[in-house]
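Protein sequences appear in the order of chains Z and D.
In the numbering used here, each residue carries its 1-based index in the first sequence increased by 111.
In the numbering used here, each residue carries its 1-based index in the second sequence increased by 111.
Protein chains: 2
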Amino acid sequence: MTMFPKLDPILHSELRLAVMSILIGVDEADFTYLKKQTGATSGNLSVQIDKLMAAGYITVEKGFKGKVPHTTCKITTAGQEAFNKYVESLKEYLSASK
Amino acid sequence: MTMFPKLDPILHSELRLAVMSILIGVDEADFTYLKKQTGATSGNLSVQIDKLMAAGYITVEKGFKGKVPHTTCKITTAGQEAFNKYVESLKEYLSASK
DNA sequence: TAGTATAGTTTATATTATAAACTTGTTTAT
DNA sequence: ATAAACAAGTTTATAATATAAACTATACTA
Chain Z
112 MTMFPKLDPI LHSELRLAVM SILIGVDEAD FTYLKKQTGA TSGNLSVQID
162 KLMAAGYITV EKGFKGKVPH TTCKITTAGQ EAFNKYVESL KEYLSASK
Chain D
112 MTMFPKLDPI LHSELRLAVM SILIGVDEAD FTYLKKQTGA TSGNLSVQID
162 KLMAAGYITV EKGFKGKVPH TTCKITTAGQ EAFNKYVESL KEYLSASK
C-alpha cells in the first residue's frame, strides 16, 4: 500500500477493537463486563482476548471472585500506543481527497 | 453488540476501504490507477472490486482503451452512503469513554 | 517469432472470525 | 442429598475472508 498505511490486523477486527475501545477508557474490566458491553459470545470474546494478550496489548489476570472464576483485563502501554496509531492510520482512509 | 454499532463487513476490509476512499474523492478511477495507489496485487484488487460491485457500492465498466482492456470504477450513491455510515460507526469505537 | 509486458481473472491457500459444544464449578430447588 | 439450572470461561469445528499464485488473452518489441 503506497498511500495508505497498513492497518494493524490485531486491531482491525470488530470485536477486538470494541474491547480495546472499552479498555482504553477504563482502568480495568472483567470478562463479564466486556461480554455485556460488546454483546459478544463467550467463545468469541475468549479467543479475541487471547489474541490481544498475545500481542501484548492487554494483560489478563485470572483469579477468583469469592468462589467464582474471574478474569480481569487491562490495557498495556503498548496497547494504548497501538490503538492510537491505528486511529491515526484509519484517518488516512477516512478522509477522502487527501 | 449493544453499545457498538455493527461495522459494515464490506467496508471493514483494508483494501476495499482503500478503494472506496479513493473513489469517494474522485469522479472515477481505473483498475491500474487503483492498483498503483493501493499497492495491491491484481488478483486481490480484482476480487475486492467484484465484492464492492456485488454490494452495489461501485459500478464497474469494462471496455477497451485502444486495444488494451480497461476497467473503470465509480462509486455509487449507495456506496457513498455506506462509506459515510461506516465512518460514523467507527467513531463510536475510536472515541474512548463514550 | 520468441520473449516480455499489460490487464486483468480464476483458483488455491492461509488466516480470521464466529458459533457450537464442552468443562468446571456453583447456586437453587426438591 | 441430589438433580437441575446457571455462571464463567475454554476448546474445537466451521464458515467466511483475505491474499497470493497461477493462469488467460492480447499487445508490443527486439
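We put the CB at the ideal spot given by N, CA and C, even for glycine.
Neighbourhood of Gln148 (chain D) by C-beta, 6 Å cutoff - its chain only, sequence neighbours within 5 removed = Ile133
Coarse secondary structure for Phe115 (chain D), derived from DSSP in three states | coil
Within 8 Å (strictly less), CB to CB, does Ala166 (chain Z) reach chain D?
-> no
Please determine, among Z:Ala166, Z:Gly167 and Z:Lys146, the residue with the shortest C-alpha to C-alpha distance to Ser157 (chain Z).
-> Closest option to Ser157 (chain Z), Cα to Cα, is Z:Lys146.
Would you be able to state if there are at least three C-beta pairs under 8 Å between the stretch 160-178 of chain D and the stretch 189-201 of chain D?
-> yes
Could one say the Cβ of Leu102 (chain Z) lies closer than 8 Å to chain D's Cβ atoms, at least one of them?
-> The structure shown does not extend to residue 102 (chain Z), since chain Z is modelled only from 112 through 209, so no value can be given for it.
Would Met112 (chain D) count as contacting chain Z if we go by Cβ distances under 8 Å?
-> A caution first: Met112 (chain D) carries a pLDDT of 44, below 50, which makes its placement in the model unreliable, though a value can still be read off. Yes, contact with chain Z.
Three-state secondary structure (DSSP) of Val130 (chain Z) | The answer is helix: DSSP assigns Val130 (chain Z) an H, G or I state.
Cβ atoms of Arg127 (chain D) and Ile135 (chain D): under 8 Å apart, would you say?
-> no
Please confirm if Phe115 (chain Z) has its CB atom under 8 Å from at least one CB of chain D.
-> yes
If we count the other Cβ atoms within 10 Å of its Cβ and call it buried at 16 or more, is Ala151 (chain D) buried or exposed?
-> buried
Residue closest to Lys162 (chain D), alpha-carbon to alpha-carbon, out of D:Met131, D:Ser206 and D:Lys176 | D:Met131
Can you tell me whether DSSP reads Val210 (chain D) as helix, strand or coil?
-> No answer is possible for residue 210 (chain D): it lies beyond the span of chain D, which begins at 112 and ends at 209.
Sequence-distant residues of the same chain with beta carbon closer than 6 Å to Glu139 (chain Z), five excluded per side = Hits under 6 Å: Thr183 and Lys185.
So, helix, strand or coil for Gly174 (chain Z), using DSSP?
-> strand
Of all the residues that make up the stretch 126-157 of chain D, which are near chain Z by a beta-carbon distance shorter than 9 Å?
-> When C-beta distances to chain Z are compared with 9 Å, the residues of the stretch 126-157 of chain D below that value are Leu126, Leu128, Ala129, Met131, Ser132, Ile133, Leu134, Ile135, Gly136, Val137, Lys147, Gln148, Thr149, Gly150 and Ala151, in chain order.
Is Lys209 (chain D) helix, strand or coil when you go by DSSP?
-> With a pLDDT of 48 at Lys209 (chain D), under the threshold of 50, the modelled position of that residue is not reliable, and the figure given next carries that caveat. Here Lys209 (chain D) sits in coil by DSSP.
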